[in-house]
Amino acid sequence: QKEVEQDPGPLSVPEGAIVSLNCTYSNSAFQYFMWYRQYSRKGPELLMYTYSSGNKEDGRFTAQVDKSSKYISLFIRDSQPSDSATYLCAMKGDYKLSFGAGTTVTVRA
Amino acid sequence: DVKVTQSSRYLVKRTGEKVFLECVQDMDHENMFWYRQDPGLGLRLIYFSYDVKMKEKGDIPEGYSVSREKKERFSLILESASTNQTSMYLCASSSGGQETQYFGPGTRLLVL
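Those sequence lines, one after another, are chains S and G.
Per our numbering, residue 1 is the first one in the first sequence, and the count goes up by one each step.
Per our numbering, residue 1001 is the first one in the second sequence, and the count goes up by one each step.
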């Protein structure tokens, strides 16, 4: 069983829709949670970072962490075509990050 | 802004060749990492380094080695390239007390 499970999609939504992305994990030692966005043929860039259960907002993006259920989510409101990318969840316990496989999102104009 | 650069965006090599992938960061970060990214598998850690001349194996170190002679530079070496090493290679760096990592643009390596 992988430490981090992420539905690979692909996910296709119309412009303006809410995008919902999820990851589950099995390692209770994970304390830090991140979402990265990766455009085609580029390296991942950090989108959101949180270390506590609950919600964290940044503009159109909301990261949600539920440590008791070992479940994290990323919501994108009012999605735009420029949000089309692969989204990777990442988690850290001790010294290294563990990544989900990534979900590819396409926002249709 | 943190900048992580990788020496090549695309490389084509033949089986058995020795391959060098170079990574440079300009933010004086202590930690540097090499990952490979494959469809459906996500990012897998090959090696990392938390100081000059220090290295630690990640999850998939077989067939790879690394070198860190200077703080800003971390090299990944494929001693004898094989076709199953065809992949996207990503370098990342982070500060000592920082959880987040900053990535380079990646090198797409094709081994024929």
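Ideal placement from N, C-alpha and C gives every residue a C-beta, glycine not left out.
- Message: Using a Cβ-Cβ distance cut-off of 8 Å, determine whether S/L88 contacts chain G.
- Response: Counting from 1 along the first sequence, the entry for residue 88 of chain S is found at position 88. Output row for S/L88: interface = yes.
**OP:** Within its chain, find whatever has a CB closer than 6 Å to the CB of S/Q64; leave out the 5 residues flanking it on each side and keep chain order.
**Re:** Position 64 of the first sequence, counted from the first residue, corresponds to residue 64 of chain S. The answer, listed in chain order, is N55, S73.
Buried versus exposed call for S/A29 [16 or more other C-beta atoms within 10 Å across all chains shown]:
Against the first sequence, residue 29 of chain S aligns to sequence position 29. Classification of S/A29: exposed, given that the 10 Å Cβ count is below 16.
Sufficient close CB pairs (3 or more, under 8 Å) joining the region 2–17 of chain S to the region 74–81 of chain S = yes
For G/G1063, which option in G/K1071, G/M1054, G/L1078 has the closest C-alpha, if you only look at C-alpha atoms? Stepping through the second sequence from its first residue, residue 1063 of chain G is reached at position 63. Ranking the options by Cα distance to G/G1063, first place goes to G/L1078.
| Opposite G/E1056 in the DSSP bridges: which residues? | Taking the first residue of the second sequence as 1, we reach residue 1056 of chain G at position 56. Per DSSP, G/F1048.
Cβ-based neighbour list, G/L1045, same chain, cut-off 8 Å, excluding 5 preceding and 5 following:
Your numbering for residue 1045 of chain G matches position 45 in the second sequence. Excluding positions up to five away in sequence, the list reads F1033, W1034, Y1035, G1058, D1059, I1060.
I need the boundaries of the beta strand (DSSP E) containing S/D66, first residue and last residue. The residue labelled residue 66 of chain S in the question sits at position 66 within the first sequence. Note, S/D66: beta strand (DSSP E), 61–66.
In the DSSP assignment, find the unbroken beta strand (DSSP E) run with S/I18 in it and report its ends. Locating residue 18 of chain S in the first sequence gives position 18, where the first residue counts as 1. It is not in any beta strand (DSSP E) - S/I18 carries neither H nor E in the DSSP assignment.
Problem - Anticipated Cβ contact below 8 Å, S/K42 with G/P1039, distance rounded - result: Taking the first sequence and counting its residues from 1, the one referred to as residue 42 of chain S is at position 42. Taking the second sequence and counting its residues from 1, the one referred to as residue 1039 of chain G is at position 39. Going by Cβ atoms, the distance from S/K42 to G/P1039 rounds to 16 Å, so no, they are not a contact pair.
Exercise. Shortest alpha-carbon distance to S/S26 belongs to which of S/G9, S/E5, S/S40?
Worked result: Taking the first residue of the first sequence as 1, we reach residue 26 of chain S at position 26. Closest by alpha carbon: S/E5.
#### Entry: Residue environment, S/Y39, which counts as buried when at least 16 other CB atoms sit within 10 Å
In the first sequence, the residue the question calls residue 39 of chain S occupies position 39. By the 10 Å Cβ count, S/Y39 comes out exposed.
With distances taken between CB atoms, is the gap from G/L1043 to G/L1090 smaller than 8 Å?
-> As a position in the second sequence, residue 1043 of chain G is number 43, starting the count at 1. As a position in the second sequence, residue 1090 of chain G is number 90, starting the count at 1. Cβ distance < 8 Å, so G/L1043 and G/L1090 count as in contact.
(request) Going by CA-CA distance only, name the one from S/K92, S/P8, S/L11, S/S53 that's closest to S/T62. (result) Your numbering for residue 62 of chain S matches position 62 in the first sequence. It is S/S53.
Quiz item: Which residues in the same chain as G/S1065 place their Cβ atom closer than 6 Å to its Cβ, once the five residues preceding and following it in sequence are excluded?
Solution: Within the second sequence, residue 1065 of chain G is the residue found at index 65, counting from 1. So the list reads I1077, once near-sequence residues are dropped.
Thinking C-alpha only, which one of S/L21, S/T104, S/L47 is nearest S/Y71?
-> Residue mapping note: residue 71 of chain S aligns to position 71 of the first sequence, counting from 1. Per the Cα distances, S/L21.
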